[in-house]
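Protein chains in written order, with this note's numbering: chain A, 1 to 138; chain B, 139 to 276. Accompanying notes for the structure given below.
Number of protein chains: 2
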Amino acid sequence: MLSRKTQYAFRALTCLAENYGKGPILISHISEEKKIPLKFLENILNELKKADMLESKKGKGGGYMLKVSPKKINLAKVIRIINGPIALLPCVSLNFYEKCVDCDEKHCGLRKMMTITRDATLKILEKRTLHDILFAGH
Amino acid sequence: MLSRKTQYAFRALTCLAENYGKGPILISHISEEKKIPLKFLENILNELKKADMLESKKGKGGGYMLKVSPKKINLAKVIRIINGPIALLPCVSLNFYEKCVDCDEKHCGLRKMMTITRDATLKILEKRTLHDILFAGH
DNA sequence: TAATATCCTACCAAATTAGTAGGCAAATTT
DNA sequence: AAATTTGCCTACTAATTTGGTAGGATATTA
């Protein structure tokens, strides 16, 4: 399951996607509109910025904005930044690979099943974008 | 990601699947062969038994065994017993549904994306079985 | 320089994870 | 019947993760 933090991230990004092209949006605005604890949201947006998904402006008239179009931000990317691996096992993860202890990967049947699962999941999460979330919402 | 406990469960079940039809297998045997901490494994096997996936016998000649053929135990079932929900959001889970706070499900775009993802994942995890794990292993 | 925002460091409580310890209960064997 | 073998049950614990909060530093604008 995705952490609550990741759900918050998606909500915040949806808000920024809705306002794409309209200049910086205040954290406090997103916090109120999407009912996300303000200080927690600060952390989240900052992480997304460090991962190069957002840009920010300080001072009056400041806030956050998407760095690229909502159509170019896929769901897998967001999940990887805030939540971590998408695969069900570390030994199957493309971006967070870790070797399992006491497991011969070449002959691990479980690993093969989880690889298939990962591919099916990624096929969807890497194709759908923030724009799709907006569009599916009505 | 699946918990380590769930990985242990799969390893143990694989061992029991390999020995299906050969009578009870000792916890201690599984523990050694699959390198799983004995007492922890006890808990795991007991949970699987309570979920009606295994049967057990006490005393000499005792141990655990699969209640049905490895071909009839799919991966989704194991995950749900030991790990919990398979869906990425609680509001999308079929077996562990929980309402999200401040979210209108009818018009939640994220929910729709996660429903599609869940369906793709389940299509695989509910079709593959312990037998497939064995078979894929060589 | 005052006001407005984000940024940064550090802390905290609650929940979850990954076990361990020790004895009880039921079979089986002697 | 007693001893042995094996799973069953309850409880505890340490480490990690999750979901935040507090307070000030820093940058921008007016």
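Even glycine gets a Cβ: it sits at the ideal position worked out from N, Cα and C.
Span separating the alpha-carbon of B/Leu164 from that of B/Met203: 9 Å
Partners in chain A for B/Leu213, counting only beta-carbon separations shorter than 7 Å: Met113
B/Asp201 - partner residues in DSSP beta bridges: What sits at residue 201 of chain B in the sequence shown is Gly, not Asp. According to DSSP, B/Gly201 bridges with B/Lys195.
So which residues on chain B does A/Lys35 lean against when the C-beta distance must stay under 7 Å? Asp240
Going by the CB atoms, is the gap between A/Arg128 and A/Leu75 shorter than 7 Å? yes
Unbroken stretches of the beta strand (DSSP E), 3 residues or longer, contained in the segment 17-102 of chain A: 54-57 and 63-66
Count the other C-beta atoms from every protein chain shown that fall within 10 angstroms of the C-beta of B/Val216, then say buried if there are 16 or more, exposed otherwise. buried
Between the C-alpha atoms of B/Asp240 and A/Lys35, what's the straight-line distance to the nearest angstrom? 7 Å
Would B/Ile182 and B/Ala147 qualify as a contact pair, given that the criterion is a beta-carbon distance under 7 Å? yes
Contacts of B/Pro208 in chain A (Cβ-Cβ under 8 Å): Those within 8 Å of B/Pro208 in chain A number zero; the least Cβ separation is about 11 Å.
Between the Cα of B/His276 and the Cα atoms of A/Leu134, A/Gly109, A/Glu33 and A/Leu89, which residue gives the shortest distance? A/Gly109
Measuring straight from C-alpha to C-alpha, what distance separates A/Pro70 and A/His131? 5 Å
Starting from the Cα of A/Leu41, find the closest Cα among A/Ala12, A/Leu88, A/Gly62 and A/Arg80 and give me that residue. A/Ala12
Give the residues from the segment 115-131 of chain A that approach chain B closer than 7 Å (Cβ to any Cβ), ordered along the chain. Ile116, Thr117, Ala120, Thr121, Ile124, Leu125 and Arg128
Beta-carbon gap between A/Ile116 and A/Thr6 smaller than 7 Å: no
Beta-carbon separation of B/Pro162 and B/Lys195 under 7 Å? yes
From this set, B/Lys177, B/Ala274, B/Cys229 and B/Phe273, which residue's C-alpha is nearest A/Met1's C-alpha? B/Cys229
Please determine, among B/Lys198, B/Arg218 and B/His167, the residue with the shortest C-alpha to C-alpha distance to B/Asp190. B/Arg218
How far does the alpha helix (DSSP H) with A/Asp132 in it extend, from its first residue to its last? Leu130 to Ala136
Name, going along the chain, the residues of the segment 3-31 of chain A whose beta-carbon falls closer than 9 Å to a beta-carbon of chain B. Thr6, Gln7, Phe10, Arg11 and Thr14
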